[in-house]
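As structure tokens, then:
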């Protein structure tokens, strides 16, 4: 009886209708069908029930409603027919798009875009204070130019660690001739400034901790990859940890570092980082800058790819693009194809490896397949492989000059005004420390 009563009192999931648009001469990494499928998974991760979808091919977006006027009427009818509470667009919408679409689709549904949906998911999954503050900053940065629209999906979230709600309407007193919109925008700008200062303080602490790790001479390996590729599962296996894992998008957001023993009794630090996704909101990349520095400061990257996914190659390219965007494209990287246990066609796997990286590793973080070979490869990259480099080091970088002589192979030294040019080779684990001085 109690169980039945509980089911009756549980709030039903909001119903979402999805809309995709394929723009001519703007090809995406995924087909429109696959991108909508990913949007469906994102919607379900956010706790929504997807009740339908539609798409349209366009020469260019409609400046008012993004999709064509006839398609807008079709979406309105389908939303009514499916009793949708929210219409989610797979493309990022401008403030004007949101305003005009909301008018056209009526008051019975809310209109949001992919960016707002991802921000909602991040807000639900951020567990640490730093993560909550970073998500709140990203939400406000996104919301500020769109303040004329009522964002119910942000209002229901609150602001995590800050204790503030998403709505700032009515805050403060208006000055002479000042509209409520101007008051709200001013309050949001103030909150953004406060959040940036708080995150900066946490970033300083993170930098201090990162510098201590560097001085310890223990190499740092960052695990990167598309969301749900199995990064946390791999870290659990390699470090005998119990980090939370789940078969869903963005199961973990906050970086986690664990010690890993490599062959030859070599110690290393592995960091699990937030998963990437195509069309990752720029607001998130900016807000999570201090967290993403864990990637840019690593000595080696492990790029984990879900080889069982039908869009593995597109996901591979999406991650590589994001690494370039955050300035990590020059860090040594090992490509690791995970979930080999889910493969039915071994030949297909060989073809995919040959197409992307014939030196990549094929593993299963679930069964342990290929893990010993991967550990050996990581050890060789960090401790045995000597990477040829030529660097110009100013005299103020005395520690790096000494490191080159102590750990590397010096072939030549040229004295210059204010510094030296050294040519030779260094162990792979030190390459990133010399990166900005490469000639």
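Numbering (my numbering), first residue to last: 2 to 440.
C-beta: ideal position from N, C-alpha, C; glycine also.
Could you have a look at residue i and say whether DSSP puts it in helix, strand or coil?
| i | result |
| --- | --- |
| residue 59 | strand |
| residue 258 | strand |
| residue 132 | helix |
| residue 342 | helix |
| residue 320 | helix |
| residue 306 | strand |
| residue 93 | coil |
| residue 114 | strand |
| residue 251 | coil |
| residue 391 | strand |
| residue 405 | helix |
| residue 334 | strand |
| residue 22 | strand |
| residue 49 | coil |
Contact defined as beta carbons within less than 8 Å: I believe residue i pairs with residue j. What is the distance between those atoms, to the nearest angstrom?
| i | j | result |
| --- | --- | --- |
| residue 71 | residue 63 | With a Cβ gap of about 11 Å, residue 71 and residue 63 do not count as contacting. |
| residue 92 | residue 17 | Between residue 17 and residue 92 the Cβ distance is about 16 Å, and since that is not below 8 Å, they are no contact. |
| residue 186 | residue 145 | 7 Å |
| residue 274 | residue 225 | 6 Å |
| residue 310 | residue 337 | 14 Å between Cβ atoms; not a contact. |
| residue 366 | residue 231 | 5 Å |
| residue 359 | residue 429 | So it is not a contact: roughly 19 Å between Cβ atoms. |
Can you grab the Cα-Cα spacing for the pair residue i / residue j, in whole Å?
| i | j | result |
| --- | --- | --- |
| residue 324 | residue 385 | 25 Å |
| residue 116 | residue 83 | 23 Å |
| residue 66 | residue 37 | 19 Å |
| residue 113 | residue 103 | 9 Å |
| residue 427 | residue 299 | 16 Å |
| residue 391 | residue 412 | 10 Å |
| residue 350 | residue 374 | 17 Å |
| residue 48 | residue 15 | 8 Å |
| residue 111 | residue 398 | 56 Å |
| residue 132 | residue 190 | 20 Å |
| residue 120 | residue 208 | 26 Å |
| residue 126 | residue 423 | 47 Å |
| residue 301 | residue 181 | 50 Å |
| residue 282 | residue 406 | 43 Å |
| residue 35 | residue 55 | 13 Å |
| residue 431 | residue 130 | 32 Å |
| residue 420 | residue 396 | 5 Å |
What residue range is occupied by the uninterrupted alpha helix (DSSP H) comprising residue i?
| i | result |
| --- | --- |
| residue 269 | Where residue 269 is concerned, there is no enclosing alpha helix (DSSP H), although the beta strand (DSSP E) it sits in stretches over 267-273. |
| residue 415 | Careful: residue 415 lies outside any alpha helix (DSSP H), inside the beta strand (DSSP E) at 410-417. |
| residue 98 | 96-106 |
| residue 33 | 33-46 |
| residue 375 | 372-380 |
| residue 299 | Note, residue 299: premise wrong, no alpha helix (DSSP H); not H, not E. |
| residue 73 | 70-82 |
| residue 286 | 283-288 |
Looking at the secondary structure, which residues open and close the beta strand (DSSP E) in which residue i lies?
| i | result |
| --- | --- |
| residue 15 | Unbroken run through residue 15: none, as it is neither H nor E. |
| residue 423 | 420-428 |
Problem - Minimum length 4: unbroken alpha helix (DSSP H) runs contained in the stretch 179-247 - result: As far as the stretch 179-247 is concerned, its whole alpha helix (DSSP H) runs of at least 4 residues are 181-216 and 232-240.
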